[in-house]
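The structure appears below as structure tokens.
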Amino acid sequence: MSKPVRFIIALWGLSLCVPWQTAQAEQAGAAASVSSSGAELGQLSDFIAKVLKNSPRARSLKASMQASVARRQAADRPLHNPELALEAERTDVNTRSIGLSQAVDWSGKRRARSEQAGFELKAASARAAVSRQALASELLKALADHGAADQLNQLAQERVRLMGQFAHIADQRRAAGDLDQVEYDLASLAALQAELEAAEFSARLGDARRALQVLAGAAGTSQWPSLPDSPHRIQMQQANLDVLLKSHPSYLASQAAVEAARSAVELRQREARPDPTVGLRAGREDSDRLTALTLSVPLFVRNRYKAEVQEANALLEQAGQEARTNWLDLHSRAEVSRQRYLLTRKTWTSWQKRGQTSLQRRTSLLKRLWQAGELSTTDYLVQLKQTLETQGAAVELRGRLWRAWADWLQASGTVFQWLGLKDDFTTIAEQ
Numbered sequence: 377m378s379k380p381v382r383f384i385i386a387l388w389g390l391s392l393c394v395p396w397q398t399a400q401a402e403q404a405g406a407a408a409s410v411s412s413s414g415a416e417l418g419q420l421s422d423f424i425a426k427v428l429k430n431s432p433r434a435r436s437l438k439a440s441m442q443a444s445v446a447r448r449q450a451a452d453r454p455l456h457n458p459e460l461a462l463e464a465e466r467t468d469v470n471t472r473s474i475g476l477s478q479a480v481d482w483s484g485k486r487r488a489r490s491e492q493a494g495f496e497l498k499a500a501s502a503r504a505a506v507s508r509q510a511l512a513s514e515l516l517k518a519l520a521d522h523g524a525a526d527q528l529n530q531l532a533q534e535r536v537r538l539m540g541q542f543a544h545i546a547d548q549r550r551a552a553g554d555l556d557q558v559e560y561d562l563a564s565l566a567a568l569q570a571e572l573e574a575a576e577f578s579a580r581l582g583d584a585r586r587a588l589q590v591l592a593g594a595a596g597t598s599q600w601p602s603l604p605d606s607p608h609r610i611q612m613q614q615a616n617l618d619v620l621l622k623s624h625p626s627y628l629a630s631q632a633a634v635e636a637a638r639s640a641v642e643l644r645q646r647e648a649r650p651d652p653t654v655g656l657r658a659g660r661e662d663s664d665r666l667t668a669l670t671l672s673v674p675l676f677v678r679n680r681y682k683a684e685v686q687e688a689n690a691l692l693e694q695a696g697q698e699a700r701t702n703w704l705d706l707h708s709r710a711e712v713s714r715q716r717y718l719l720t721r722k723t724w725t726s727w728q729k730r731g732q733t734s735l736q737r738r739t740s741l742l743k744r745l746w747q748a749g750e751l752s753t754t755d756y757l758v759q760l761k762q763t764l765e766t767q768g769a770a771v772e773l774r775g776r777l778w779r780a781w782a783d784w785l786q787a788s789g790t791v792f793q794w795l796g797l798k799d800d801f802t803t804i805a806e807q
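Going by the working numbering, the first residue of the sequence shown is number 377, and it counts up by one from there.
If you want it as structure tokens, here you go:
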């Protein structure tokens with residue numbers, strides 16, 4: 377049998393092993409995948425919850441919320457404090473008096489101010505939830521990048537090992553006269569190239585580890601949690617997406633901002649009304665008793681505060697337009713991220729069904745075919761490179777799958793729901 381025919385038969389046998397190995401892997405791993413994914417998701421949730429509690433970014437959000445709560449409490453306090461006045465006068469007639477006065481919130485400014493601060497607190501709470509979900513999504517993507525970089529680094533080290541073995545066998549075959557100089561030089565160059573690429577992947581792993589450490593802060597560890605094999609499916613109609621987005625923290629923040637702006641208009645209108653001051657004074661003028669009741673009202677003549685009301689109305693219009701823009705942006709990002717994830721998942725599922733195979737078995741088969749003379753050195757290197765690149769492409773694909781999933785979770789506002797964590801955007805103000 378000629379070498380070309382043997383080469384074609386070898387490649388045919390190599391291709392047959394792929395679906396057989398995939399089917400075996402699917403049967404062996406189907407039962408274990410559910411339990412392992414659940415355990416990995418639990419560890420992932422614990423890690424992200426720890427970061428959300430202890431990272432500098434999370435602490436900054438907590439401080440911002442405490443400031444918002446304090447502003448809400450301050451707005452609920454009375455506007456005016458009473459005034460105490462003491463007066464003593466020694467002339468021909470000695471006068472001594474004590475007086476107490478109180479400005480009256482006649483137009484309800486305190487209630488309007490409290491309502492505005494309440495809506496601003498809701499908006500701040502929702503914005504904090506947006507930031508917390510964004511941090512959780514960034515952590516998921518950083519973990520995906522780190523996992524992909526780690527696997528690619530391991531794959532590069534495996535390539536160094538294989539190329540080292542290949543170069544060693546090439547030395548032996550060269551010494552025995554079974555390998556010409558051109559093929560021997562090709563083997564040496566392949567081993568050198570593998571070492572250079574391994575250094576690049578090692579540097580990439582270091583960059584991914586540092587980026588993850590920056591996000592995790594004090595919650596960082598040398599043993600990062602691993603992601604499950606693949607995320608969930610998305611089965612959602614357009615109407616369900618609209619309902620889901622109306623519970624998104626970003627949508628709720630924009631709606632609360634509109635209500636706060638509307639309350640600001642009412643507050644400015646009430647501030648344009650004067651608050652009277654009522655006072656009571658008692659004392660003695662020599663031997664005579666002195667009692668006085670006073671009433672003073674500011675005269676808003678030179679400044680009627682109309683400009684402040686106009687400004688508040690303009691800000692209300694701005695908040696309404698920004699809320700509409702935010703809704704369109706939310707809807708667009710959710711739809712785009714959903715389509716991207718579905719497309720990436722379809723490709724990943726296709727790889728799992730048709731392309732997944734054991735790297736060790738495939739490389740061992742190629743090695744045996746080359747040593748038996750069924751493959752030339754060039755054909756062996758081409759096939760081995762294609763095998764390793766396919767494995768690397770699968771690793772990259774899984775990383776993109778998880779990044780797309782993280783984008784979808786953030787766009788739909790379901791990060792905490794998927795992780796099984798409490799979404800604090802409605803209760804964070806109480807913490």
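Even glycine gets a Cβ: it sits at the ideal position worked out from N, Cα and C.
For residue i: DSSP bridge partner residues
{"i": "G768", "result": "Partner(s): none; G768 has no beta bridge."}
{"i": "E661", "result": "T471 and D664"}
{"i": "E514", "result": "Paired residue(s): none; E514 is not in a bridge."}
{"i": "T670", "result": "G655"}
Residue i to residue j span [Cα, whole Å]
{"i": "Q478", "j": "G484", "result": "15 Å"}
{"i": "A524", "j": "E772", "result": "6 Å"}
{"i": "Q793", "j": "F423", "result": "15 Å"}
{"i": "S507", "j": "V758", "result": "48 Å"}
{"i": "L428", "j": "L643", "result": "36 Å"}
{"i": "D547", "j": "R738", "result": "23 Å"}
{"i": "E698", "j": "L706", "result": "12 Å"}
{"i": "Q728", "j": "A579", "result": "29 Å"}
{"i": "M447", "j": "A575", "result": "It should be pointed out that residue 447 corresponds to Arg in this sequence rather than to Met. Each residue's Cα considered, the two are about 54 Å apart."}
{"i": "Q442", "j": "L760", "result": "59 Å"}
{"i": "D554", "j": "L764", "result": "26 Å"}
{"i": "Q557", "j": "R550", "result": "8 Å"}
{"i": "E711", "j": "S740", "result": "45 Å"}
{"i": "I545", "j": "R721", "result": "41 Å"}
{"i": "A640", "j": "Q694", "result": "13 Å"}
{"i": "Q686", "j": "Q645", "result": "10 Å"}
Three-state secondary structure assigned by DSSP to residue i
{"i": "E750", "result": "coil"}
{"i": "A500", "result": "helix"}
{"i": "A787", "result": "helix"}
{"i": "L462", "result": "strand"}
{"i": "V654", "result": "strand"}
{"i": "A332", "result": "Outside the modelled stretch of the chain, which goes from 377 to 807, sits residue 332, for which no answer is possible."}
{"i": "A404", "result": "Bear in mind that a pLDDT of 38 at A404, under 50, signals an unreliable position, so the number given afterwards is only what the model happens to contain. It is helical."}
{"i": "S726", "result": "helix"}
{"i": "V712", "result": "helix"}
{"i": "H544", "result": "helix"}
{"i": "I424", "result": "helix"}
{"i": "R453", "result": "coil"}
{"i": "A648", "result": "coil"}
{"i": "P601", "result": "coil"}
{"i": "F577", "result": "helix"}
{"i": "Y681", "result": "coil"}
{"i": "F792", "result": "helix"}
{"i": "P625", "result": "helix"}
{"i": "P607", "result": "coil"}
{"i": "G582", "result": "helix"}
Test item: CB-CB of residue i and residue j under 7 Å
{"i": "S455", "j": "D481", "result": "Looking at the sequence provided, one finds Leu at residue 455 rather than Ser. The answer is yes: Cβ separation under 7 Å."}
{"i": "L691", "j": "A637", "result": "yes"}
{"i": "L437", "j": "A504", "result": "yes"}
{"i": "Y681", "j": "A648", "result": "yes"}
{"i": "S475", "j": "A461", "result": "Sequence inspection shows Gly at residue 475; the Ser mentioned does not correspond to that position. Going by C-beta atoms, G475 is nearer than 7 Å to A461."}
{"i": "G494", "j": "P625", "result": "no"}
{"i": "N470", "j": "D651", "result": "no"}
{"i": "G593", "j": "P458", "result": "no"}
{"i": "L797", "j": "S421", "result": "yes"}
{"i": "H522", "j": "L591", "result": "no"}
{"i": "F577", "j": "A563", "result": "no"}
Sufficient close CB pairs (3 or more, under 8 Å) joining the region 446–461 to the region 480–498: yes
Tell me, please, whether the region 632–647 touches the region 495–503 by the rule of three or more beta-carbon pairs shorter than 8 Å. yes
Within 8 Å, do at least three Cβ pairs link the region 531–542 to the region 565–576? yes
contact_flag[the region 708–718, the region 775–789] where n(CB pairs < 8 Å) is 3 or more: yes
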